[in-house]
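Number of protein chains: 4
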Amino acid sequence: MKKKSRFLQTAIEPFAVEAGLTADQILARMERISFQGRNLAKAHRIWQKMLQDDVTIFLGMAGALSAGGLRMAVAHLIANRYVDCLVSTGANLYHDLHETRGRRHYIGSPRENDAALQDEHIDRVYDTYASEDEFVDNDEWIAAFALTLERRPYTTREFLYRLGEYLWKETRREGILTAAYRASVPIFCPAIADSSIGMGLSQARHREADAGHIDVIGDIVESANLVIRRPRTASVVLGGGTPKNFINQASVQAEFYDDRVGGHRYALQIVTDVPHFGGASGSSLEEAQSWGKLATDAEQVTVQADATIALPLLVSALATSARDALAARKPLQFELSGPAMAVEGRPFPPGRFEART
Amino acid sequence: MKKKSRFLQTAIEPFAVEAGLTADQILARMERISFQGRNLAKAHRIWQKMLQDDVTIFLGMAGALSAGGLRMAVAHLIANRYVDCLVSTGANLYHDLHETRGRRHYIGSPRENDAALQDEHIDRVYDTYASEDEFVDNDEWIAAFALTLERRPYTTREFLYRLGEYLWKETRREGILTAAYRASVPIFCPAIADSSIGMGLSQARHREADAGHIDVIGDIVESANLVIRRPRTASVVLGGGTPKNFINQASVQAEFYDDRVGGHRYALQIVTDVPHFGGASGSSLEEAQSWGKLATDAEQVTVQADATIALPLLVSALATSARDALAARKPLQFELSGPAMAVEGRPFPPGRFEART
Amino acid sequence: MKKKSRFLQTAIEPFAVEAGLTADQILARMERISFQGRNLAKAHRIWQKMLQDDVTIFLGMAGALSAGGLRMAVAHLIANRYVDCLVSTGANLYHDLHETRGRRHYIGSPRENDAALQDEHIDRVYDTYASEDEFVDNDEWIAAFALTLERRPYTTREFLYRLGEYLWKETRREGILTAAYRASVPIFCPAIADSSIGMGLSQARHREADAGHIDVIGDIVESANLVIRRPRTASVVLGGGTPKNFINQASVQAEFYDDRVGGHRYALQIVTDVPHFGGASGSSLEEAQSWGKLATDAEQVTVQADATIALPLLVSALATSARDALAARKPLQFELSGPAMAVEGRPFPPGRFEART
Amino acid sequence: MKKKSRFLQTAIEPFAVEAGLTADQILARMERISFQGRNLAKAHRIWQKMLQDDVTIFLGMAGALSAGGLRMAVAHLIANRYVDCLVSTGANLYHDLHETRGRRHYIGSPRENDAALQDEHIDRVYDTYASEDEFVDNDEWIAAFALTLERRPYTTREFLYRLGEYLWKETRREGILTAAYRASVPIFCPAIADSSIGMGLSQARHREADAGHIDVIGDIVESANLVIRRPRTASVVLGGGTPKNFINQASVQAEFYDDRVGGHRYALQIVTDVPHFGGASGSSLEEAQSWGKLATDAEQVTVQADATIALPLLVSALATSARDALAARKPLQFELSGPAMAVEGRPFPPGRFEART
């Protein structure tokens, strides 16, 4: 009999439908199907491995996930230390703050008349609405908060920690910012100037010329130091954007000062953009390996899917399948209240890349 | 206090992560998030409604779903009469036949060297492999089967029924074709000439000049008669392609002969194509309403997602949530063994559209 | 000095803007940029090469290109023998017939109220409208034409030749069908049953039970024979769909009967679908090589773009750049008026694959 | 005779192929076709109108356009004042700087082995390569430049003006940064921290703790003041990302301080992202109207296309069709050399939003 080709080793196992399947059982049955279903199952497997390994896990978050109903899923990931550091767009933090302050986003239609919405001061994000008047109030609240801070530049990491603290003390409500504050998980927001949080800061500046100073270059130093301190890292990216690149940049920048860094050991991304137009959001993880952003032997997977479908399934599955790994995990302990953050009690040098030790 | 805008009525409810959630619980929690997650949850709700209503449910199936591990999910939908009629591409039926005959598809890589694959007679479908030699054998098997048939034109509906029967008797294995045969669910394959089943038929023709005659125009008549017989219809479309249009065409064609038809009452589609390039696969269900393919008051939803993610979750949920509706459902009874099919014991007029009664 | 890496050989040459550039000059300047712009420039170069080589060029056409204003561009390609054989969806031929019969499609809006359109019997294709009443009239016209034919099965190739002839004699207007008739270029339409041409045929059947017989399996034999007769082929695909696969299938089927075939020598596709969901429309040309649809040393390019942008630029460029090649080209001469087509005066064996000579 | 429906007013005019057509002639013939071809033709028409109207034109630039061969097209738009203000990602400015410094990007393959590339220090951007060693040298050059600046925060606008000046004086070569310097066109880069320019700045900081201070909040104030000063604005967006939102944010922020602003009067975007996943890059211009980013009566169009195809055609056309409008245009005169920019000789208040006058 003819020998089986080396290419035909593991057969596709058709998905078997059954009543009562839980999320982790569904993903387990998707491991041997094809296309993005298989990739999502692989993402589940890789995230489990990250949690069992001694790595610092970065989570990147772009797209309208907070407005779109995933902020408590992200808060869950932070509070339970599925991740160690969040890199986010400003909008996701702003829409989180909006709900933590007790306001809501609303179910809407992508085909509504936008002039009618504008008339009623309703802002639309595809199929989701919010009150512009409430947004104006948020901006003022952020400006007022910013005026409580010292008159010096703050990295976004320090600023957002303070913001989370202020928000928690005022509201005692769960959310991304408050979860990160309570769990001492750092948040970076490299494009803060391109968001309503930035707008609130600019309004603080308008009131007092020495207020609202953000030191985004300091964030680059600090995020790279985080990688230098523990070069074994992992990257989980939702939606691409500036968070995706910033997480990779931390790895590349760290490598300049410590050649043991070597790129992320694990990477998974859930994106809807595609590689063939050349943009960073859709770029492949293979491409990331050419840059050294990702180790060439990293376990990695790209899931081409909307996070509003993929994340509920994936995190629900991990809530079961990763329970033991989470319980056993010893995540990095951060101290975030000052201008220089500390990891495991050892502060980073202020404004400098850490020397290789 | 200012009154709430009419646009801000139903708040987004962030997805709450919890261990042990089942598929239907996950989809229930996705009903009040945004974007495609909400749409998938809505698809779940609409399919449940279809099953409780007195409608004929068409399922359209394009894309490499059989090769990609979803054939048993589709077989489950047929066997348990979540659907009443399948419209498929030839490839999906062919890859189903391949596995029902005991062969497999295999896990592969989208980045493999294709010249190396060709050397070893491996055919690649993105990240999935199969043996070309086994495909050649299938083609011959199909040709041999076709030569067992009478020398007259067969609609694809009759041909595929006979094929399912032959396959079942030979293999006693589950699959799409065999499930449809056993449940007497009709299958239409309008583009059969664009598939390996068509290739097998052409090889029968090569051997005997009067063999391999397929009457695809007869399928148009029969599918329209199916709608005329019971004008209340629903459409479930996976992946667009010829099945999507054929299901809609049945509705439009039926309307010519019976103005009570009025378009599908329910429609859900899971597609990855987009509307803005004008192609039928990505066309919106709103657009379908302009043509009368869909009733203007139909409940409908488009889910922009890969079926290999969306379908396992959706069908797993229905297996629980639709259990009672399926038990109570009285699906149409078909008689498919002859040139003219019969519904509830009453045959269609051969080669003619049924008159309005 | 350090030697240049083997990977850094040909520099990107930024596109230089200049007034008065013609299409071919623009594409020439796009050859050394990146992403899809480079790919489109490469498509231009490959098509030029095809025209200078001794190959049979297949053109596949899916998506709403005829309704969308590209039918005269395709007619130009046929009339001037940039291509030797057209494989089309039924819809593209139908919308061509609609305009050749003197009716029009109209500029519309993708955001119009579709219930209002339905009320006025307007059918919408994304941003384009047409009169449903005129469509009904077309269907009847097609049925009437079909009743003029002999009562025997017609391949789509023969049927469409007769249709083009009838249309030309009635209208004397330019279009795809009439250009193909006048230039004796064969058209195949494997999914004719999934189109309004099929609907017209079904209405002929309704009137006379032995009318409207189409032999799509015969098309498979004939298209494969076309490849066997001259195994050097090229494939130009617009939009994927059944035409893309049918052109590749002709090559694979031909290989069964003549192992000199070896796949297309050139391939270019302009598609908007992507590979990673596994569907045939978006499948890569590399993948096609694993199947032997495409020679492993073929010159090939995929352009990820809407054909309504890419084709006007590409064909305008070729009208200048390929002038000499077109003048020198000796395209295959077809005889299409009977049940068996002839190439260069030699008919194909009816209903049989041609033996290797 | 039946009256024509109000929906059927302007017929599609099929694209007529002809040798020797120039870019503007091609776009003129695309105005009455469908889908994205029509949209690109409309973009051409809208940009012409912008140039004839008294508006400030913002250009947003995301995606790898500089690396991908479009930097000289953008430089042409700046030098000839098709636009008045550039908002860019850091990467586009960095890759521009790379070439202006005399280095190149190279033609590569999207399927190359990335481990092999990494071994040779080649960084890949889809199908384009560059030398990592040259990038390291750029970063050091940027750090060295940053150390020449005063020890105070710089807005990106001021920083990039100085960078362009330095680059021009050193190289005398054309490019985006040098064109903007020479034409006194302001550039904002809200996400500068997420780019290699930011990395260069962080290396300056590493050397001297008080170096490398960027004031991104100051950019928000200044960009809004630009809108307050002349509320009639237009937006041209390539590829979405932070530039798209930042341009819209300037309009929204300006409205807080001057209610005459009212959103952009014209908007065109060339994007590959889609609206239905909720992300900002793909968001529709209709949605922008709900937020007041765009006037509800604005002339606007979204072109779903890769900029590497659309931009060469569009700008080549404008180079001819907009010649007179450009000659007649009196663009805003900026003074950009200090911490507070001036428009038409009148400086903005430092760190404050301008009061309505």
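Same order as they appear, the protein sequences are chains A, B, C and D.
For the first sequence, my numbering begins at 3 and goes up steadily by one.
For the second sequence, my numbering begins at 3 and goes up steadily by one.
For the third sequence, my numbering begins at 3 and goes up steadily by one.
For the fourth sequence, my numbering begins at 3 and goes up steadily by one.
Ideal Cβ placement from N, Cα and C applies to all residues, glycine included.
Treat the numbers as computed from the prediction; the structure is a model and nothing was measured.
State the DSSP-derived secondary structure class of residue 350 of chain A, mapped to helix, strand or coil.
In this structure, residue 350 of chain A counts as coil in the three-state DSSP scheme.
Show which residues of chain A have a CB atom less than 9 Å away from the CB atom of residue 279 of chain C.
Near residue 279 of chain C (Cβ distances below 9 Å), the residues of chain A are 37, 38 and 306.
Hey, which unbroken runs of the alpha helix (DSSP H) at 4 residues or more fall wholly within the region 277-341 of chain D?
Segments of the alpha helix (DSSP H) lying fully in the region 277-341 of chain D: 287-292, 309-323 and 325-330.
By a C-beta neighbour count over all protein chains shown, 10 Å radius and 16 as the cutoff for buried, is residue 312 of chain A buried or exposed?
A residue is called buried when at least 16 other Cβ atoms come within 10 angstroms of its Cβ; residue 312 of chain A meets this threshold and is buried.
Residue 78 of chain A at chain B interface by Cβ criterion, 9 Å:
By the rule that beta-carbons nearer than 9 Å mark a contact, residue 78 of chain A touches chain B.
Can you give me the Cβ contacts of residue 182 of chain A inside the same chain, cut-off strictly under 7 Å, excluding the 5 residues immediately before and after it?
Excluding its 5 nearest sequence neighbours in each direction, residue 182 of chain A has C-beta neighbours in its own chain below 7 Å: 80, 88, 166 and 189, listed in chain order.
Look at the alpha carbon of residue 337 of chain B and the alpha carbon of residue 96 of chain B, and state the distance between them as a whole number of angstroms.
About 23 Å.
Specify, as a first and last residue, the run of the beta strand (DSSP E) that residue 367 of chain D falls within.
No answer is possible for residue 367 of chain D: it lies beyond the span of chain D, which begins at 3 and ends at 359.
Hey, is residue 143 of chain D's beta-carbon within less than 9 Å of any beta-carbon in chain A?
So no, residue 143 of chain D is outside the interface.
Sufficient close CB pairs (3 or more, under 8 Å) joining the region 208-221 of chain D to the region 268-277 of chain D
They do not touch, by the three-pair rule.
Cβ closer than 8 Å: which chain A residues qualify as neighbours of residue 255 of chain D?
Chain A residues near residue 255 of chain D: 201 and 204.
One or two residues paired with residue 269 of chain D in a DSSP bridge:
In DSSP, residue 269 of chain D forms a bridge with D:237 and D:302.
Beta-carbon spacing of residue 222 of chain D, residue 203 of chain A below 9 Å:
Between residue 222 of chain D and residue 203 of chain A, the CB-CB gap stays under 9 Å.
At the 9 Å Cβ level, is residue 46 of chain A part of the contact set with chain D, yes or no?
No - not a single Cβ of chain D is within 9 Å of the one on residue 46 of chain A.
Buried or exposed by the 16-neighbour rule on C-beta atoms within 10 Å, applied to residue 152 of chain C:
Burial call: exposed.
Across the region 60-78 of chain A and the region 131-139 of chain B, are there enough close Cβ pairs to call them in contact, namely three or more that are closer than 8 Å?
The region 60-78 of chain A, when compared against the region 131-139 of chain B, does not touch it at the 8 Å Cβ threshold.
Can you find a C-beta in chain C that's less than 9 Å from the C-beta of residue 113 of chain A?
Taking a beta-carbon distance threshold of 9 Å, residue 113 of chain A counts as an interface residue toward chain C.
Is any beta-carbon of chain D found at less than 9 Å from that of residue 187 of chain B?
No, because no Cβ of chain D sits closer than 9 Å to the Cβ of residue 187 of chain B.
If you scan the region 69-93 of chain B from start to end, which runs of the beta strand (DSSP E) of 3 or more residues do you find wholly inside it?
Taking only runs of at least 3 residues, the beta strand (DSSP E) segments lying wholly in the region 69-93 of chain B are 87-90.
Any C-beta of chain A sitting closer than 9 Å to the C-beta of residue 345 of chain C?
Answer no: the Cβ-Cβ gap between residue 345 of chain C and chain A never drops below 9 Å.
Label residue 101 of chain A either buried or exposed according to how many other C-beta atoms from any shown protein chain fall within 10 Å of its C-beta, with 16 as the threshold for buried.
It is buried - the Cβ of residue 101 of chain A has at least 16 other Cβ atoms within 10 Å.
Span separating the alpha-carbon of residue 305 of chain C from that of residue 42 of chain D:
Residue 305 of chain C and residue 42 of chain D: Cα-Cα distance of roughly 17 Å.
Rounded straight-line distance, which links the Cα of residue 199 of chain C to that of residue 157 of chain B:
Residue 157 of chain B and residue 199 of chain C: Cα-Cα distance of roughly 17 Å.
Measuring alpha carbon to alpha carbon, tell me which of B:282, B:141 and B:267 ends up nearest residue 233 of chain B.
When each option's Cα is compared against that of residue 233 of chain B, the closest is B:267.
Does chain D have any CB closer than 9 Å to the CB of residue 303 of chain B?
Interface criterion not met: the Cβ of residue 303 of chain B is under 9 Å from no Cβ in chain D.
Determine the extent of the beta strand (DSSP E) in which residue 127 of chain D is found, giving its start and end residues.
124-127 is the span of the beta strand (DSSP E), which, as asked, contains residue 127 of chain D.
My output table needs one value for residue 21 of chain A: the three-state DSSP class, helix, strand or coil.
Three-state DSSP puts residue 21 of chain A in coil, outside helix and strand.
From the DSSP output, in three-state form, read off residue 3 of chain C for me.
Bear in mind that a pLDDT of 45 at residue 3 of chain C, under 50, signals an unreliable position, so the number given afterwards is only what the model happens to contain. DSSP places residue 3 of chain C in coil when its eight states are reduced to three.
Flag residue 276 of chain C as yes if its beta-carbon sits less than 9 Å from any beta-carbon of chain A, otherwise no.
With respect to chain A, the C-beta atom of residue 276 of chain C has a partner C-beta closer than 9 Å.
Can you tell me whether residue 11 of chain A is buried or exposed, with buried defined as 16 or more other CB within 10 angstroms of its CB?
With fewer than 16 Cβ atoms within 10 Å of its Cβ, residue 11 of chain A is classed as exposed.
Interface residues of chain C around residue 192 of chain B at Cβ under 7 Å?
Under the 7 Å cutoff, chain C gives 193, 195 and 196.
Would you mind working out which of D:335, D:220 and D:292 sits nearest residue 129 of chain A, comparing C-alpha positions?
It is D:292.
What in chain B is Cβ-close to residue 31 of chain A, meaning under 8 Å?
When 8 Å is used as the limit between beta carbons, residue 31 of chain A is near these residues of chain B: 314, in chain order.
Any beta-carbon of chain B closer than 9 Å to the one on residue 3 of chain A?
The pLDDT assigned to residue 3 of chain A is 45, lower than 50, so where the model puts this residue is not dependable; a value taken from the coordinates is nonetheless given after this. So no, residue 3 of chain A is outside the interface.
So who's on the other strand from residue 198 of chain C, going by DSSP bridges?
Beta-bridge partners assigned by DSSP to residue 198 of chain C: none are found.
Do the region 308-326 of chain D and the region 21-39 of chain D meet, that is, are 3 or more Cβ pairs less than 8 Å apart?
Touching, yes.
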